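Student: Here it is, the structure, as structure tokens.
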Ligand SMILES: [Zn+2]
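Residue numbers (this note's numbering): 98 to 224.
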């Protein structure tokens with residue numbers, strides 16, 4: 098893993114803000130609460146996915162050719178698309194540093210899924 102420069106700001110893990118759908122008139126309190134928990138878990142997983150992709154992009158040096166000057170200057174991937182921006186392939190769960198070439202995206206997907214499975218298997222991600 099790349100070492101942080103002494104003058105560098107600490108990495109800020111990206112956060113996706115949950116957008117809860119309005120309560121359906123047929124839902125009882127328990128159903129509505131379950132739906133909200135599900136939505137929060139979904140957005141949390143998007144945050145984990147993007148954070149892991151940023152870390153991996155930094156480790157792979159993809160910031161060097163990123164379209165964002167801020168990534169190139171910082172020498173790390175900390176860019177992101179808006180959380181609702183699905184105008185590019187894989188939308189906001191991959192940062193701008195990651196080219197949308199199938200071989201690269203497939204590799205990212207495989208590495209991140211493997212690491213997520215490792216985290217799940219280790220039990221650190223249970224509530
Ligand atoms: Zn970037």
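We treat Cβ as the ideally placed atom computed from N, Cα and C, and that holds for glycine. Remember, it's a predicted structure, so these values are computed and weren't measured experimentally.
(1) Report the three-state DSSP secondary structure of residue 216 (helix, strand or coil).
(2) Looking at the C-beta of residue 170, does it have a partner C-beta in chain B at a distance below 9 angstroms?
(3) Can you find a heavy atom of ligand 1 that lies under 8 angstroms from the Cβ of residue 141?
(4) Along the alpha helix (DSSP H) that carries residue 156, what are the first and last residues, could you check?
(5) So, using beta-carbon positions, are residue 153 and residue 113 closer together than 9 angstroms?
(6) Report the rounded CA-to-CA distance for residue 124 versus residue 142, giving the unit in angstroms.
(7) Helix or strand or just coil, what does DSSP make of residue 111?
(8) If you draw a straight line from the C-alpha of residue 167 to the C-alpha of residue 131, how long is it?
Tutor: Inspection of the coordinates gives the following:
(1) Translated into positions along the chain shown, residue 216 becomes position 119. If DSSP states are grouped into helix, strand and coil, residue 216 belongs with the helices.
(2) Reference to chain B is not applicable here, since this structure consists of a single protein chain.
(3) Your numbering for residue 141 matches position 44 in the chain shown. False, no ligand heavy atom lies under 8 angstroms from that Cβ.
(4) Position 59 of the chain shown holds residue 156. 126 to 157 is the span of the alpha helix (DSSP H), which, as asked, contains residue 156.
(5) In the chain shown, counting from the first residue as 1, residue 153 sits at position 56. In the chain shown, counting from the first residue as 1, residue 113 sits at position 16. Not in contact: residue 153 and residue 113 (Cβ atoms no closer than 9 angstroms).
(6) What you label residue 124 is simply residue 27 of the chain shown in a count that begins at 1. What you label residue 142 is simply residue 45 of the chain shown in a count that begins at 1. Taking the straight line joining both Cα atoms gives about 25 angstroms.
(7) Walking along the chain shown from the start, residue 111 turns up at place 14. DSSP places residue 111 in coil when its eight states are reduced to three.
(8) Taking the chain shown and counting its residues from 1, the one referred to as residue 167 is at position 70. Taking the chain shown and counting its residues from 1, the one referred to as residue 131 is at position 34. Between the alpha carbons of residue 167 and residue 131 lies a gap of roughly 39 angstroms.
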